[in-house]
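**Student:** First the structure, which I've put down as structure tokens, then a few questions once you've had a look.
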Amino acid sequence: MKTIYSTFQEAVKDIKDHSTIMVGGFGLVGIPENLILALVESEVKHLTVISNNCGVDDWGLGLLLKNKQIDKMIGSYVGENKEFERQVLAGELEVELTPQGTLAERIRAGGAGIPAFYSPAGVGTPIAEGKEVRTFNGKDYLLQTGLKADFSLVRAEYGDHAGNLIYNKTARNFNPEIATAGEVTIAEVENLVDIGEMDPDRIHTPGIYVQGLVEGNQEKRIERLTIKKQA
Amino acid sequence: MKTIYSTFQEAVKDIKDHSTIMVGGFGLVGIPENLILALVESEVKHLTVISNNCGVDDWGLGLLLKNKQIDKMIGSYVGENKEFERQVLAGELEVELTPQGTLAERIRAGGAGIPAFYSPAGVGTPIAEGKEVRTFNGKDYLLQTGLKADFSLVRAEYGDHAGNLIYNKTARNFNPEIATAGEVTIAEVENLVDIGEMDPDRIHTPGIYVQGLVEGNQEKRIERLTIKKQA
Amino acid sequence: MAANLDKATVREKIAKRAEQEIESGYYVNLGIGMPTMVANYIQDDKQVVLQSENGLLGIGRSPYESEVDPDLINAGKETVTASKGAAYCSSAESFAMVRGEHLDLAILGGMEGAQNGDLANWMIPGKMIKGMGGAMDIVHGAKKVVIIMDHVNKHGDPKILKECRLPLTGQGVVDRIITDRAVIDVEPKGLVLVDVLEGWTVEEVVESTEAELVVSDRLLQQSN
Amino acid sequence: MAANLDKATVREKIAKRAEQEIESGYYVNLGIGMPTMVANYIQDDKQVVLQSENGLLGIGRSPYESEVDPDLINAGKETVTASKGAAYCSSAESFAMVRGEHLDLAILGGMEGAQNGDLANWMIPGKMIKGMGGAMDIVHGAKKVVIIMDHVNKHGDPKILKECRLPLTGQGVVDRIITDRAVIDVEPKGLVLVDVLEGWTVEEVVESTEAELVVSDRLLQQSN
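Just so you know, the sequences run in chain order A, B, C and D.
Residue 180 in the working numbering sits at position 180 of the first sequence, and the numbers go up by one each step.
Residue 1152 in the working numbering sits at position 152 of the second sequence, and the numbers go up by one each step.
Residue 2098 in the working numbering sits at position 98 of the third sequence, and the numbers go up by one each step.
Residue 3141 in the working numbering sits at position 141 of the fourth sequence, and the numbers go up by one each step.
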């Protein structure tokens, strides 16, 4: 029923210059790494990217950055990336910082048809500038708007031909919300399975949100390997 | 780790007169039927009840109604209940009707610390009376507030000692949102399992939202049995 | 004037016409009552996912007696099955789908429709208020909202009006009205009569409609 | 004045003191950096669930080499394990937990704290802005917010101020400040010195604090 792409290049071919894209992942975990590589190859430019982080210098969204394909970045933490800093200071890259939970909720709202909501995060801080402040039950809140994208790129462990997705552990993170907020949502899945193979009670993203899927292996780079020595 | 009650009576003993309670379920599916029976027995009075429906005349929340324990009902559809009609017309029961999706979102907002949000449902209808109307991107929306309760009563298929819950099929409905919005949330579970028996990736309600659990069998009455004759 | 068809036949006729609104690949919400019947007429070659706002994406057929699960119902509270590839979700998630405009089509019943796209289908003042259920959310969510209803009420009075008299379910939300007599689109210029059902003439439809009807070019050509 | 302890020892001292804030049964969010260290000192007899805002309720110990799963990290992006009874969730759900005040306690790092409970811990003007991550949400969510930091900066200047000079993370959000020298509560009447850590005197703490400190009755009694 859904479009199944045979290559990652094909999966991103409709993403044009000046598109707004949302990309799942927290750090390098749960990012659609092959879709990002295909975007780098596509040379599409002037992207607005909505994602919690912006990868590292040589992986994930950092590759798009290095290739100067991003005009604007909306995220909560962009600190793992020297090229990011250089481009911002040089005025080549616009940044909109949003508190992480507010970012997640803005994306959920975008996908859920909620144009705006009130959140306490950021009251009295620089991010409150230009935002409406309103008091409910004696506490101040900021008006935050929903976010949508032309394309949402997500990564799941399992996807089926009906578009249903199941994520693995903390690779879930922003992916379920981002899947809901794209005009077109493309899922990079590690395992593409037949319809009927998923227990309908354990699906994280119902297929209605997903327009296309592509299967592929992932490298899954680890940013901060922390291990306990065997006693 | 969580309080495990050995009887349903014990589970509801802290619910006092004039409490606001939220009760999971859609129709008679997914209702915490034994907790409701215990509430009837407790004779607690002047309740404000937030639930999508109000049961039927002889089952579910209808029993609380019949016993005149409810002062006010917030729900979206209360049409299966003659006693409900009688009490409303007699001025014994106050009703606040909220569109079903708006009700679900208001409960989610209450549990998620969002005091208010904008929703399109009800613009230009009787439910817009007294509500702020605001235009975003050329479309009108109503300001809706989050809902919370003193006690939330939910029903799940599985619960563990850490409070994690898994629901069955359409018995999920309002239960996950209601579980988040109670000052105290009590889960009636069909199967109480040990910590570690649930796959952390398939938990619907993380244990943080649940304060107490009680195990019991359910009658599970069917409102509209519709069957296909075997050919 | 068309022969007096019995009520069941009229409902079947409307449901079959409404089925034509459904395209393969669509996600569809069918309202309680007559709209639910539309599912019985969906052609086998169409791949359609039916959404039930109580938390089921992918309603299947009614269960055989041995399959009945009391935990599995549709929004009309009837026992159902889940289709292959179905997903369950919570009520908030279900209405996030609806409100976020992820459904292609909703087919709902109507008491009154107006020429500006207003719909009334939930409340008759003076009668007991049962509640709006999910209708007020659904009319604002689906990409296309189709109303199906009898063309006139039991007294023979029009149900398609210049303005709704009953309290509204939604303002300017209807895209198309399908009745036992006609198919009418709500457009910026007003109501456009796009089809007349078997047994009725354009004149009879216009006469039994309070709102102004613009007859579509296609229909005009047919009648020439 | 206290002996010059090396940096690691000071951090350990603060982390151990912060551990005393955690009660059995608590759900706790530990910030990135020094707060994460607090987990190493949680006493075995306390049942504590650590929340990681990237979608894990129930952080376990670090993995053995054979257990490393690249899909399983904490908010500091370190590989972790999940504890028994853990649950994964999405980012929106994770922050719903936070914002909805379901966490009992958050322990976060600080650059500056002020006597009205203001906190600055995310941005130094003129330096590269890395982003606030989840801190701005967490300070408004947890039932109790404890800040841990050095009492003075590397130049020896106070970090507990009359007013924060750095851009804020949150306004009036801090409940308690724990440093290498003292434990200070934010109360309506101002900052209350409730404890002085080993090696320091009340006078030394007051002297190295820009904000006014009210010495708690308990401390006064001790020094009498």
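We put the CB at the ideal spot given by N, CA and C, even for glycine.
This structure is a prediction, so every number in the text was calculated from the model and none was measured.
(1) When you compare each of I1222(B), E1219(B) and G1212(B) to E1010(B) by their alpha carbons, which one comes out closest?
(2) For the segment 97 to 114 of chain A against the segment 3147 to 3163 of chain D, do three or more pairs of beta-carbon atoms, one drawn from each stretch, fall closer than 8 Å, so that the two count as touching?
(3) Counting only Cβ pairs nearer than 8 Å, list the residues of chain A close to Y2027(C).
(4) Measure the C-alpha to C-alpha separation of D160(A) and G182(A) and round it to an integer number of angstroms.
(5) Quick check: L1942(C) and K2013(C), are their CB atoms within less than 9 Å of each other?
(6) From what residue to what residue does the beta strand (DSSP E) around S119(A) run?
(7) In whole angstroms, what separates the C-alpha of E157(A) from that of K2046(C)?
(8) Using a cut-off of 7 Å between C-beta atoms, extract the partners of S119(A) located in chain B.
(9) Return the CA-CA distance between I2042(C) and A1162(B), expressed in angstroms with no decimal places.
(10) Using a Cβ-Cβ cut-off of 7 Å (strictly less than) and excluding sequence neighbours within five positions of K2189(C), which residues of its own chain qualify?
(11) Between P1206(B) and C3089(D), how many whole angstroms is the CB-CB distance? I'm expecting something under 8 Å.
(12) In the DSSP assignment, what residue or residues form a beta bridge with V2049(C)?
(13) Can you tell which of I4(A), L47(A) and S42(A) has its C-alpha closest to the C-alpha of T20(A)?
(14) Does any residue of chain D bring its CB to less than 9 Å from the CB of E105(A)?
(15) Can you tell me whether DSSP reads N1053(B) as helix, strand or coil?
(16) Hey, does A1162(B) have any beta-carbon neighbour from chain D nearer than 9 Å?
(17) From L2057(C) to R155(A), what distance separates their C-alpha atoms?
(18) Mind listing which residues of the segment 1069 to 1090 of chain B have their C-beta closer than 7 Å to chain C's C-betas, in chain order?
(19) Can you grab the Cα-Cα spacing for the pair D1140(B) / K220(A), in whole Å?
(20) Determine whether the Cβ of S3062(D) lies closer than 9 Å to any Cβ atom of chain A.
(21) From Q230(A), T226(A) and A231(A), pick the residue whose C-alpha is nearest to that of P3070(D); which is it?
(22) Would you say the segment 3023 to 3036 of chain D touches the segment 180 to 194 of chain A, given that touching needs at least three Cβ pairs under 8 Å?
(23) I'd like to know whether the C-beta of K220(A) is nearer than 9 Å to at least one C-beta of chain B.
(24) Give the residues of chain D in contact with N34(A), contact being defined as C-beta atoms less than 8 Å apart.
(25) In or out: N1217(B) buried (at least 16 other Cβ within 10 Å) or exposed?
(26) Start and end of the beta strand (DSSP E) containing M73(A)?
(27) Write down every uninterrupted run of the alpha helix (DSSP H) in the segment 76 to 143 of chain A whose length is 4 residues or greater and which is fully enclosed by it, in chain order.
(28) Buried or exposed: where does E2021(C) fall if 16 or more other Cβ atoms within 10 Å of its Cβ makes it buried?
(29) Give the residues from the segment 1129 to 1144 of chain B that approach chain C closer than 7 Å (Cβ to any Cβ), ordered along the chain.
(30) Starting from V67(A), trace the alpha helix (DSSP H) in both directions and tell me its first and last residue.
(31) Quick check: what's the CA-CA separation for V49(A) versus A149(A)?
(32) Specify, as a first and last residue, the run of the alpha helix (DSSP H) that G2141(C) falls within.
(33) Decide yes or no for the touch test of the segment 2072 to 2081 of chain C against the segment 2107 to 2124 of chain C: beta carbon pairs closer than 8 Å, at least 3 of them.
(34) Quick check on DSSP: helix, strand or coil for F1174(B)?
(35) Within the same chain, show all residues whose beta-carbon is closer than 6 Å to that of T180(A), passing over the 5 residues directly before and after it, in chain order.
(36) For D2071(C), decide whether its Cβ has a neighbour in chain B, counting only Cβ atoms nearer than 9 Å.
**Tutor:** The structure says:
(1) Nearest option by C-alpha distance: G1212(B).
(2) By the Cβ criterion, the segment 97 to 114 of chain A is not in contact with the segment 3147 to 3163 of chain D, since fewer than three pairs of Cβ atoms, one from each stretch, lie closer than 8 Å.
(3) Residues of chain A passing the Cβ test: I208.
(4) Taken atom to atom, the span from the alpha-carbon of D160(A) to that of G182(A) is near 19 Å.
(5) No answer is possible for residue 1942(C): the residues shown for chain C start at 2001 and end at 2224.
(6) Looking at the DSSP string, the run of the beta strand (DSSP E) that includes S119(A) is A116 to S119.
(7) The C-alpha of K2046(C) is placed about 29 Å away from the C-alpha of E157(A).
(8) Listed along chain B, the residues sitting closer than 7 Å to S119(A) by beta-carbon distance are I1114.
(9) When rounded, the distance between both Cα atoms is 46 Å.
(10) Excluding five sequence positions before and after K2189(C), the CB atoms of its chain that fall closer than 7 Å to its own CB belong to V2214, given in chain order.
(11) Rounded, the Cβ-Cβ distance is 6 Å, consistent with contact.
(12) Paired residue(s): Y2027(C).
(13) For T20(A), the closest alpha carbon among the candidates I4(A), L47(A) and S42(A) is that of L47(A).
(14) Interface residue (Cβ-Cβ distance to chain D less than 9 Å): E105(A) is classified as such.
(15) N1053(B) falls in the coil class under three-state DSSP.
(16) Answer yes: the Cβ-Cβ gap between A1162(B) and chain D drops below 9 Å somewhere.
(17) Cα to Cα, the separation comes out at about 21 Å.
(18) Listed in chain order, the positions of the segment 1069 to 1090 of chain B with a beta carbon within less than 7 Å of a beta carbon of chain C are G1075, S1076, Y1077, V1078, G1079 and E1085.
(19) Each residue's alpha carbon lies about 44 Å from the other.
(20) Closer than 9 Å: yes.
(21) That would be T226(A), whose Cα lies nearest to the Cα of P3070(D).
(22) The segment 3023 to 3036 of chain D vs the segment 180 to 194 of chain A: no contact.
(23) No, no contact with chain B.
(24) By Cβ distance, chain D contributes nothing, its closest Cβ being about 15 Å from N34(A), past 8 Å.
(25) An exposed status is given to N1217(B), since fewer than 16 other beta-carbon atoms sit within 10 Å of its beta-carbon.
(26) Per DSSP, the unbroken beta strand (DSSP E) holding M73(A) starts and ends at I70 to G75.
(27) Unbroken alpha helix (DSSP H) runs of no fewer than 4 residues, entirely contained in the segment 76 to 143 of chain A, are found at 82 to 89 and 100 to 111, following chain order.
(28) Its Cβ being crowded by 16 or more others within 10 Å, E2021(C) is buried.
(29) Taking a C-beta cut-off of 7 Å against chain C, none of the residues of the segment 1129 to 1144 of chain B qualify.
(30) Sequence check: residue 67(A) is Asn here, not Val. For N67(A), no alpha helix (DSSP H) run applies, since DSSP gives it neither H nor E.
(31) When the Cα atoms are used, V49(A) and A149(A) turn out to be separated by approximately 9 Å.
(32) Element bounds for G2141(C): A2135 to G2141.
(33) Fewer than three beta-carbon pairs drawn from the segment 2072 to 2081 of chain C and the segment 2107 to 2124 of chain C are found closer than 8 Å, and the two stretches are therefore not classed as touching.
(34) Annotated three-state conformation of F1174(B) is coil, per DSSP.
(35) G111 and Y209, listed in sequence order.
(36) At a cut-off of 9 Å between beta-carbon atoms, D2071(C) makes contact with chain B.
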